[in-house]
Each structure stands twice: as C-alpha cells, then as structure tokens.
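Asker: Pasting in a structure now, in structure tokens, and then I'll have a few things to ask.
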Amino acid sequence: MFRKVLVANRGEIAVRVIRALRETGIASVAVYSDVDRASLAVQLADEAAHLGPAAASESYLRIDKIIAAAHSHRADAIHPGYGFLSENAEFAEACAAAGIVFIGPPAAAIRQMGSKTAARQLAIAAGAPVVPGTVSAVTNLDDAKRTAEQLGYPVLLKASAGGGGKGMRRVDRAEDLEAAIRDASSEALRAFHNGDVYIEKLVVEPRHIEIQVLGDQHGNLIHLGERECSIQRRHQKVIEECPSPVMSTYPELRERMGEAALRIARAANYSNAGTMEFLVDRERNFYFLEMNTRLQVEHPVTELVTGLDLVQWQLKIAAGEKLTIRQEDVQWSGSAIECRIYAEDPDHQYLPSPGRITELTEPAGPGVRLDSGVYEGWNVPLDYDPLLAKLAAWGPSREAAMARLQRALSEYVIGGIRTNRAFFREILDDEVFRAGTLSTAFLDEFPGRRQSAKPDLEAEAIAALIGALAQKKPTAARRGNAAEWLKSGRESLFR
Amino acid sequence: MFRKVLVANRGEIAVRVIRALRETGIASVAVYSDVDRASLAVQLADEAAHLGPAAASESYLRIDKIIAAAHSHRADAIHPGYGFLSENAEFAEACAAAGIVFIGPPAAAIRQMGSKTAARQLAIAAGAPVVPGTVSAVTNLDDAKRTAEQLGYPVLLKASAGGGGKGMRRVDRAEDLEAAIRDASSEALRAFHNGDVYIEKLVVEPRHIEIQVLGDQHGNLIHLGERECSIQRRHQKVIEECPSPVMSTYPELRERMGEAALRIARAANYSNAGTMEFLVDRERNFYFLEMNTRLQVEHPVTELVTGLDLVQWQLKIAAGEKLTIRQEDVQWSGSAIECRIYAEDPDHQYLPSPGRITELTEPAGPGVRLDSGVYEGWNVPLDYDPLLAKLAAWGPSREAAMARLQRALSEYVIGGIRTNRAFFREILDDEVFRAGTLSTAFLDEFPGRRQSAKPDLEAEAIAALIGALAQKKPTAARRGNAAEWLKSGRESLFR
Amino acid sequence: MKYEAIIDGKPARLELSGARASYLRETGESLDLEYSIAATGVGQWSVLANGRSFAAQLLSSGEVSVNGRVIRVEIFDPRSMRGRRNATGSEGRQTIVAPMPGRVIRVLIEAGQEVEEGQGLIVVEAMKMQNEMKSPKAGRVVEVKTAAGATVAAGDILAVIE
Amino acid sequence: MKYEAIIDGKPARLELSGARASYLRETGESLDLEYSIAATGVGQWSVLANGRSFAAQLLSSGEVSVNGRVIRVEIFDPRSMRGRRNATGSEGRQTIVAPMPGRVIRVLIEAGQEVEEGQGLIVVEAMKMQNEMKSPKAGRVVEVKTAAGATVAAGDILAVIE
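Protein chains in written order, with the working numbering: chain F, 1 to 495; chain B, 496 to 990; chain P, 991 to 1152; chain A, 1153 to 1314.
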C-alpha cells in the first residue's frame, strides 16, 4: 500500500479523500492556492504544498506544479478527486512518467471515454443501448440538419469533450439549429479547448440514472447499483439517491443496467471506480450517455446503502490489490438521499454567493452523513465551484431517509452567505418528489408548484422583534471588545 | 401516534429524542432550567418550557413542574431520556394519572427492576444466571460477614436502589466489611434516598456486556444483541461497542445471553426498550447484574449495526403499535464503537471541566455519527453530568470502525474546556484494546501501559512559536473590535 | 417602545414593553407575544415566544431568517423617522450594479457609447458562473466604473446609463 | 527576534526571522522551521512548518495544543526578562485552591483551627463529582475564604494554612 498520497484537489472532496487516507494509515498531502491556505483540507492533511495564485489555471490545473509538489513531499501516489485534472489523460500519463501512481483508471480508458463520441461508439460495439444520434462531431450544417430531421426534433447538441452542461443546447426547430451549433461550439471551445459538438435525439423528461462500477487491475469488475440523479439545474445535479425510486418498483432494471455498464467497462479495459450515466425513459428503456472516469460527487449515497468505502477501494485497487467483493456480495440496504449544499441564491437565478461563513451549525445524529469542505470563519472563494458540502441521510426506507434529511436540513445553519438549504426543504416536501416520479425536468417544473410562502404572522412578528432589538443596540456589536468577547463569550455581546 | 411529546431531559439525549420526534412528524417540547435557556435542545425543539433553577432537584427532577409543562403545552406523551426521572416509577404513575403517556415500560416493571434485589430474585426465578450473593439488603453485620465468607473475598457491596457506581464498594478482607457497609449505605442514602446495600461475589476482571431488548404492549419481545461496555472509569462507561469482540469469536454467546435477557424481560412483563446488564467471566460464563428500564446512553452503537432507530421504536411502542420486526429479522452488520466525550481532565483524576466552549470543530464524513448536546459559544453548566457528546463510528469490521473513530477524534476540536478526547486516541492505539481482550479492569491497568509522551521537538517548536506570536501581539485580540470582526472575520483579528 | 416597520414590503407596527411584544399589520391582523431571547452565536438568537421555539438570524442583507424563512425587515424608530426611505423611482439615470461578488471578465461597452435596451454591457464571473448584465433601457453610457479583471462586491456600481 | 522559553518545564530558545524560526533546547537539540501561519478560529491556527500541517490551539491555561498534544509554554521577551518566574518554594504558608470550577458544598474547618496533614478541609462539587481538598501539611487554618454554597472558579483560593 502507499505510504503517502497527494490529493490534487480542494474543498469537500479533498477532505473526503484525506479522511480515507487517514483511516487507511496513509499520510496525506494537501495542495492549495493562495486563497485556500486556511482551507479545511489543508488543516486536516498531514502535509500541504502551495501551488500558486487563486486561478485554477495557475494552481489546481497545473500538472507541472502538482507533480513537483508530489516529488518534493515524496508522495508515491496522487488522488485527483473529481473535476480539475481528474479526467485528464495527460495528467495520468504525466504521473506515470514521474513514477507516481495515478489513483484512477488507465490513461487509455480516460482518453477513450473522455470523448463522448468515442464512448458512444464503444458502447454500441459492446451492445449497450445509446441515445439515437450522431457518433461523430458535426462538420457541416447540411449533414447536421439531415441528422436532426431523421432523429426528429427536439434534438440535443452536446460537446464531445464536455461535461457539466457546458456546450449543451436543446433545439426544437430546424431554423434554430445553425445558431445553436455556433453557440454550443464556441462555449465548448472556451470550456474544453475543443469545439466539437454532436447531435442526439432529446429523450423527453427522462430520468438520469447512473451505475457505479468498480474494477481491479486483475480483471475483476463489479457494479454497485444505481444513483438516481434526475434533480438537476443547468445540467448540474443537486439531489441524488439510491435506490432510484423506479428500481424499487422494477428491481430487474438495476440488474439490466448494471450488466450494460459492466459490458461497457469491460470493453474499455476499465479499472478503478467509474460511473456510467444513462437516461431512462418512461417505458424504462435506458440509453448510455457517457462515462465519468473518476469518483463522482454523489458517491456517498452508494456508500451509505452498500456499506462500502469507495475511496478506500480506489486506493487499494490503485495499489494493485484484488477486489475481494464479488457481485453477489453486494447488498443494498435501506435508502440514502444526498443534497448538494451550494453557495448560491435559489431565489435569484441561483446566483453565486461567495464570502465569509460567519456562523455555522452543522447537522448530525442518527442516519446523517455530512461531507463538508468549510468551517465557521472560512471565506468561501469566488474562484471555484460553489459546492460547500454534501448532506446525505440514510433510512431503512425512502420515507425514513427523506424524514431524516428534512430533520438534518432543519438543523443546518450557514450564516454570512446565501445557500440553497431552504430550497431543499421545499423540494423534500413536494408531492411529486415524494412520490418518486422524477425526471430531469423536475426543477424546471417545480417553481410552478412552489407555494408562494403565505405571510406568517408569527414569523413576521419575530422578524420585526429581532430587527427592533438589533436597532435598539446598534453599536452593541461595535462596542464590545474582543477581550470581553473572549471572556464572556458571544452571548453577552449580542444579547 | 402522538401529536406532541415533551422531552423531560437535557443535553445530548434531549437533542437525540427531539431529532427522532422531528423525523416522526411529532411536535417536540423541550424543558429547561435557568442555565439551559440557550441549550441546543431548546433551540431544536418546536416548543420549550421553563422549569426552574439550575439545581436538578428544582427543575429536571420536579415531577409536578414537568407534568404542568406537559399540560400547558398540550403534550400527549413524555419521553424521559436517561437519568433524572427515567427510572422513577412514581413519575411514570404521575404521567398516567395526568392522562399523559409515559414513553417507557409499565410503572410496575420499573419498580420491580429498580430494586436490584428484586431484579435478582426475578432473574433467578426466570432461570437466568446471576452473580452469587445475597438477594436481599444487608440488615446485620454478622449475617453479612457469614455471607461474605461463604462467597469468598473479594466481594462487592452494591446499593439496592443504585446505579452509576454510587454506593458501591469492593471489599477484600473481613475486617474492612463493617466500614465499607457503613460508607456504601450512607452514600446510597444520599444518592437514592435509600441506604439498602447487598453483597455479591466479585467477578474478577469481567467483561461488562449488556443486551438490548425491545418489546411491544402486545407480548412481542425481541433482543437486538449486545453492547460491550467494559471500558469504565468509576463504574461509568466511556467506550461501548457492538459486536463485543468476544462474540465475534464465540457467536453462540449472543444467542445464549439474548435468550436469558428475554426470559427476564418476559418474567417482568416488560415492554418498550430496556437493557439487561451482565458480567461475563473469562470462561464466558455470564451473570445477570441488573436491568436498566430505559434508553441507554450507548444505544447508538446498536442502531449503527442493526439499522434500527430505537427512539422511534420507543415512540411507536408507547403509542400502542405492534413490533413489526421479528427476532429473525434482526441483522447485525459491521462494527460500531462509541466514545463518550466528557468535560473532564483525564490527566488530572478526571476532574470536571465546565465552562464556555470557545471553539468547536466537529468530526463528520463517512461512517461517523455524532450525538452532541453542545455548540460553539455554549456554556457547559457545572450543575449536571459532564457528558458533552457521543462520538461513534461504524465500519465493516472492528478494525475499520477503530480507524474511523481515530480519524474522527483527530478532527474533533473543543476549545475553552478540557475534554477526554485525546485520551480516547491513546486507548484506541492501545494493543490490549485493539486485541479486544477487554475487562472492567481496563482503565485501571491502562495508565501503566501509557507511553509517557516522548518530547517531540517539532511539536515543541510549534508550541513555542505560537506562544511567541501570541505574546508578540498581546493586545491584538483586545484591540480588534467586534465590528471589524464581523466585517473581516476571525482571521484578521487573530492573525 | 413603539416602532414602525416594513415587513416583507408591508407596513406594520411593533410595540415592546418588557418581555411582551405586540405586532400589528397595517391590514389589521395582530399578535401578542410573551418572549425571551438568548444569543446563540454571531447575529443569531434563540427566541421563545408564547412557548414556541424559534431560531432567528440577522442576515448581512438586513433580512431576518426565522426558522429558515427569510423576511425583509425595515424598522424605524419613531424618534428618527427621517430614516424612512421611500421606494425610489427608476426613470432617468440607471446604474448597473454587480448582482453578486465576482470578477469582471468582459466589459462590452465604453463611455459615451449608445446602447439598446437589453444589450449586453458587462460580464461578471463567480464560482464558474458567468452573468451578463444587460442595459435596462436604450440610452447612452455615461460612465464605466470597472475594468476587465476587477474584483467586485455585490451591489457595486459598474456603469451608469442615461 | 529572540525569545527565551520554558517548554514543558525545560528551558529553550526561539529565534524568529521572517517566515523562519529556529528552536533550540537547552540540551542541544535544535530544529529550523520554515513556517506559515493562518488563523482558523478563536485562538486557533493552521501552522505549516517545513511542509507539514499542524493544528495549534492556545488554551486558556496558557498551554498550547499542537495536533491535540498539550504543551506547557512560557515565553520571555528578552527585553522584559523580569517576566520570568522561578519555581516557587512550597514551604510555610500554603493556599488551598479550587481544582476545578464548582460549588462549595461543605466547609469542614474554621479559621484558627489546627489541622493534620491529609485532613479534609473543603468539599467542592461540579458535574455530580465531589472533590475533597485535603490539607497539604499539619498546621493552622489562617483564613477561610469561602462558604458553603459559594460558586468558585478553578484556581480560586479557598483557604490558607500556615
């Protein structure tokens, strides 16, 4: 096993990996940009290396600096987390060239699955169903128009090198196609340095369901079941769960999708952890979309229902150990749901809300798992993703998991910045969500069902009371000096 | 099911019960003494009622005030937690007389099992093994001496009405018996208003293992397996785990002890949650000690390995619902270990350390469960038990659970008061603990194995550095005003 | 002590006396509270009102969160009624303000330039999200107060259109 | 900047210059650190030293916790060496101090009374634990500075024995 591993990431996923390293008895090296010097990951790691300025292009995306840090700290392996360099085949190759183990799949598999068109071709060859569409990038408008006619509108333009919804456009009419291709391609070029886009049939109101696979370097490959990820905004997942409600009703679907995922993974000579994303239509037909050749943000829900630690398995597999779990050993127990807590304002077009967390009360207790990258006093930088933490709950049933998640959300206080915490409370109360009849259209339709909060006399009175008391002693906070604060604590200051 | 439940307790267990109520959709009423006005339980509850001054005798032990609060808040049931009135048959009866459901066993069962001598008699009648000794209170010295001779020294004096080690004395020689009886009896009288003590054979270096039982009001009764609670200081448990390491080696012991526990519970017409405490000697003979007719502090480890929520089941059972889990449905998966985080100084005779928590960073992440009753800024009162929180970890094996617990302890920061956090880190590193060869003598022997911390040059240098920097800007903390603090946060103030 | 208030945009009154508060909406509904308040953190309180428990938080925006529900609060001490603001008309000069903290990545206009209603003016980015500020009206750019690369706070004035 | 220090009871020196620190035990062992420090809370810092990450905490007792390890620290600015205390002899007058915050539940002595070494003097209770303070020597009670029912802080002088 490794002696020391560098974690080439930041935020909650760096913390998650550092925790797994500590539990496995492996020393950890965090990396940080200027604005992340005091991050939770740096605090929790055994060692830390400075990378450069805040901009990811000068820090977390700099292969040379990361390899140099691994060398100077004598790390024998690198865990890339998700995002940043995690799906960068050149990085995996640079690690190998530097004599450092890349904790992830082989570079060839990253490269093959990193091109959505190549991944589609491979899936077709492996006999897995894919969304009807082109397998190669659009090269001229006439071909594109013909393809779109054949598929039938609406169609979806997607970036070949893409992810996270960038370079994606829905097109409903032939006359919009040209502009959409231009927009999508230029967005893709900016985001991925690759402007290739391709055309797919748009599956209307699909579920987005993914299958987790895990394989060792000795040819053993298993799947750990699905995650339902249909609740998305701008193609970014916000709630994920396992089991998918559809599989609770139709359990054979898990088996069929799991088999399809394994066929694709085998064809790609895949090892380590990876995820196959599928769309599932109303008739429970499923279509392979793409593969994520890394740990997923939402891996905790799989861990909660299977009892397996995916990051610890990633480490073992990368170190050459054999997978000791057979497919028939995998058990799914109960139900788990995860919310992604973002620094954003769901009431104002999800605008980002970076800044200092002045107050933090985190939920805990039975059935609650929090994977957070922040702490009270932390200044959430504006330079990166707005994900602060992932709050997940497990229960013996979906109802129990929802109840626990609601309870945990009710305890969660994040002061100083806006978050989508309260928005989740509404979603978890929503009848459609509770019924489990989910689709990727959920968040587009949800606002129409939102109860415009009825004026609540009691809450208003208390808000007015707090306002009046805060005004009554407008300088209380200013006058109190910190020495007194230290002595008598917060209460005296703000009472 | 109940509409509203009053929680007649404080601290972490009040929080635990309030969480279960929220998850079950039942409104909660917290109660508080003067010093608990701003407690976490009061914050998390839907409603709160003031009881009186800090002294428990004027607040949490006042049956009249608690019943009055339940009435004025229209609560239809009361959960007593543990400690305080939880094993007080009069309280259970007062609830019934007031038309309020007492969430616990029938008053008659509390009364019968509350007397250790009556419980022993019942266990013997039910055919369960007990520690050899008298079944009734000592009434004269000569009888006591004869009994002790027959049992053979060492013997143990125990308070009939006791618990928590109060009124307990080990006696090694006949000439010490009289003084020990006097001391034990007067301590018992002070603690329980009942000076009765009885004599037992002292089982040398036993394991302390308890069996959780759960029964409904319709005659269904199951056991949920054991908790190993051998790690105790002054007869107070500090670490508990499930499974017991001895049962991992001898799984049939769980079945035998479970059966014995159920026989006793049946004989007592027991319903709701309860725990049978046993001593287990080196030959794996087990002896019934006493029953706790309430929820145990350490119930989370059972919840972690069985996936059941004991408090939610207490509510259902008290509401008259049937137990839908059969004995054969109970599955024990993986391993869970819990540490009791106390406000005390383990390096100075476990002296209590009440006061303000100036800084709090709580562990989280995979496999970690924290049941806490405190928050940053909270002033831990000196009037009650020093238990701040229970930190538990689950893993697929005992080794994995220990590794996670170590990891979680390494993240746990509690500033302003002393705690036993670091002490647990040493215990979890101890070879004897890791081997699982536990006994109640563990904490007496452990100091002899403690490595006197070797001077660590690096840590010393950093300590000196912090000391120098703190002195360099001795007034930095005083000068910074709170307005600036609010604006630019903690970093600027204390940098 | 009496206060006038605007709560979620609607006028109301609050009267405090000891541990009692009376809240009265302009529309007539009222509520009497017997309350106690205890600080539990920075700008954070536990409020017990008529036996019910609330977590209240004073947000930096001046809003108050009560059990997670965000309520806009303006309070006017009757002794200093001048503090009371009226909703300002929005004709004539229009300022373009940053909707979020972030970094200016593109300035698409320059001072003196004529712009159409809805024309893109300035792009601000934060947390990988780009936000294009558009002109609220046809007019002329009076002033550009920022430049590409600048870091801005929410509410900073970036440009003025006349 | 040079400092003299007593670390866990043993003399040492510390020299700070920019982001470098040199630590030297009186016994000769030394360590050079290249460090950076960032506050992460009240009296709490993240220290990176030679690439390794430490969590340091200044305890109210004046001790410093480094990755959970508690180290006694006394620092003397060389410009104010008068601050340096010597270990005080413990003969003659002895003060009885509260070992923990708590409440005095019994006072077993009165001023003027003769006491034996080991005789119980005062009982303090906190968190359901009673602590009986015993006389460190045979002598006379000069003064009793507390009474049953009083609340005391750790370190408060409760009585004086001569």
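The beta-carbon is built from N, C-alpha and C at its ideal position, and this holds for glycine as well.
Does the distance from the C-beta atom of P:Arg1112 to that of P:Lys1127 stay below 8 Å?
Answerer: Residue identity check: residue 1112 of chain P is Ile in the sequence provided, not Arg. No, Cβ-Cβ distance for P:Ile1112 and P:Lys1127 is not below 8 Å.
Asker: For B:Thr801, I'd like the list of residues in its chain whose CB is within less than 8 Å of its CB, leaving aside the five on either flank, ordered along the chain.
Answerer: So the list reads Leu719, Gly720, Val825, Gln826, Trp827, Ser828, once near-sequence residues are dropped.
Asker: Compare the C-beta of P:Met1123 with all C-beta atoms of chain F and state if any pair is closer than 8 Å.
Answerer: Output row for P:Met1123: interface = no.
Asker: For A:Gly1203, would you say it is in contact with chain F, using Cβ-to-Cβ distances shorter than 8 Å as the test?
Answerer: Yes, A:Gly1203 lies at the interface with chain F (some Cβ there is under 8 Å from its Cβ).
Asker: What is the rounded straight-line gap between the Cα of B:Gln727 and the Cα of F:Pro366?
Answerer: Roughly 24 Å separates the two Cα atoms.
Asker: Can you find a CB in chain B that lies within less than 8 Å of the CB of P:Gly1102?
Answerer: It does not; no Cβ of chain B falls within 8 Å.
Asker: For F:Ala260, return the contacting residues in chain A, with the cut-off set at a CB-CB distance below 8 Å.
Answerer: Those within 8 Å of F:Ala260 in chain A number zero; the least Cβ separation is about 44 Å.
Asker: Suppose you measure from the CA of F:Asp172 to the CA of F:Met113; what does that come to, to the nearest Å?
Answerer: Roughly 28 Å between the two C-alpha positions.
Asker: Got a sec: which bits of the segment 38-67 of chain F sit with their beta carbon under 9 Å from any beta carbon on chain A, in order along the chain?
Answerer: Listed in sequence order: Ala38, Ser39, Leu40, Val42, Gln43, Leu44, Ala45, Asp46, Glu47, Ala48, Ala49, His50.
Asker: On the three-state DSSP scale, how would you describe F:Asp371?
Answerer: F:Asp371: strand per DSSP, three-state reduction.
Asker: Give, in chain order, every residue of the segment 1122-1150 of chain P whose Cβ lies closer than 7 Å to some Cβ of chain D.
Answerer: Absent from the structure is chain D; the protein chains it does hold are F, B, P and A.
Asker: Fully enclosed by the segment 1186-1222 of chain A, which beta strand (DSSP E) runs are 3 residues long or longer?
Answerer: Complete beta strand (DSSP E) runs here, min 3: 1196-1201, 1204-1210, 1216-1218.
Asker: Using DSSP's beta-bridge definition, name the partner residues of B:Asn787.
Answerer: Bridge partners of B:Asn787: B:Thr770.
Asker: Which residue spans inside the segment 855-914 of chain B form an unbroken beta strand (DSSP E) run of at least 3?
Answerer: 863-867, 882-890, 908-910, all fully within the segment 855-914 of chain B.
Asker: Look up P:Asp1022 in the DSSP assignment and give the residues it is bridged to.
Answerer: According to DSSP, which records beta bridges pairwise, P:Asp1022 is partnered with P:Ser1012.
Asker: Whole angstroms is fine: what's the gap from A:Tyr1155's alpha carbon to B:Leu964's?
Answerer: Approximately 10 Å, taken between the alpha carbons.
Asker: Taking the straight line between their C-alpha atoms, what separation do you get for B:Lys817 and F:Gly152?
Answerer: In a straight line, the C-alpha of B:Lys817 is about 56 Å away from that of F:Gly152.
Asker: Under 7 Å Cβ-Cβ, which residues of chain F neighbour B:Arg517?
Answerer: The answer, in chain order, is Arg407, Ser410.
Asker: Counting only the same chain and skipping the five closest in sequence on each side, list residues whose C-beta sits under 6 Å from that of B:Thr642.
Answerer: Same-chain partners within the cutoff: Thr629, Ile694.
Asker: Listing by chain order, which chain P residues have their CB less than 7 Å from the CB of F:Ile466?
Answerer: Those are Trp1035, Ala1046, Leu1048, Val1054, listed as they occur along chain P.
Asker: Just checking, does the segment 246-253 of chain F make contact with the segment 97-112 of chain F on the three C-beta pairs under 8 Å criterion?
Answerer: No, they do not touch.
Asker: Over what stretch of residues does the alpha helix (DSSP H) that includes B:Arg722 continue unbroken?
Answerer: First-last for B:Arg722: 716-728, but that is the beta strand (DSSP E), not the alpha helix (DSSP H).
Asker: Against chain A, does B:Ile957 count as a neighbour if the rule is that its beta carbon must be under 8 Å from one of theirs?
Answerer: Yes - at least one Cβ of chain A is within 8 Å of the one on B:Ile957.
Asker: Using beta-carbon positions only, say whether B:Lys661 and B:Ala669 come within less than 8 Å of one another.
Answerer: For B:Lys661 and B:Ala669, no; Cβs fall outside 8 Å.
Asker: Straight-line CA distance for F:Ala69 to F:Arg190?
Answerer: For F:Ala69 and F:Arg190, the distance between alpha carbons rounds to 28 Å.
Asker: Identify the contact partners of P:Pro1091 in chain F, using a Cβ-Cβ distance below 7 Å as the criterion.
Answerer: Within 7 Å Cβ-Cβ: Pro354, Gly355, Leu382.
Asker: Report yes if the CB atom of B:Ala813 is closer than 8 Å to the CB atom of B:Ile562, and no otherwise.
Answerer: Cβ distance not < 8 Å, so B:Ala813 and B:Ile562 don't count as in contact.
Asker: Between which residues of its own chain and A:Val1304 is the CB-CB distance below 8 Å, once the five residues before and five after are set aside?
Answerer: The answer, listed in chain order, is Ala1250, Pro1253, Gly1254, Arg1255, Val1256, Val1276, Thr1298, Leu1310.
Asker: Using C-beta distances below 6 Å, list every residue in its chain close to B:Cys834, excluding the 5 sequence neighbours before and after it, in chain order.
Answerer: Cβ within range, chain order: Ile734, Leu886, Phe919.
Asker: Report back the beta-carbon spacing between B:Ile513 and B:Ala550 to the nearest angstrom; my notes put them in contact at under 8 Å.
Answerer: Not confirmed; about 23 Å, so no contact.
Asker: Does the beta carbon of P:Glu1016 come closer than 8 Å to any beta carbon on chain F?
Answerer: So no, P:Glu1016 is outside the interface.
Asker: I want to verify the contact list: residues of chain F whose CB lies under 7 Å from the CB of A:Leu1200, in sequence order.
Answerer: Here the neighbours are Ala48.
Asker: Under 8 Å: do the segment 32-51 of chain F and the segment 366-378 of chain F share three or more Cβ pairs, one atom per stretch?
Answerer: Segments in contact, yes.
Asker: Where does F:His71 land, buried or exposed, given buried means 16+ other C-beta within 10 angstroms?
Answerer: Exposed, by the Cβ-count rule.
Asker: Pick from P:Gly1018, P:Met1117, P:Ile1099, P:Ile996: whose alpha carbon is nearest that of P:Gln1109?
Answerer: The shortest Cα separation from P:Gln1109 among P:Gly1018, P:Met1117, P:Ile1099, P:Ile996 belongs to P:Ile1099.
Asker: The alpha helix (DSSP H) with F:Ser186 in it runs from where to where?
Answerer: Note, F:Ser186: alpha helix (DSSP H), 177-192.
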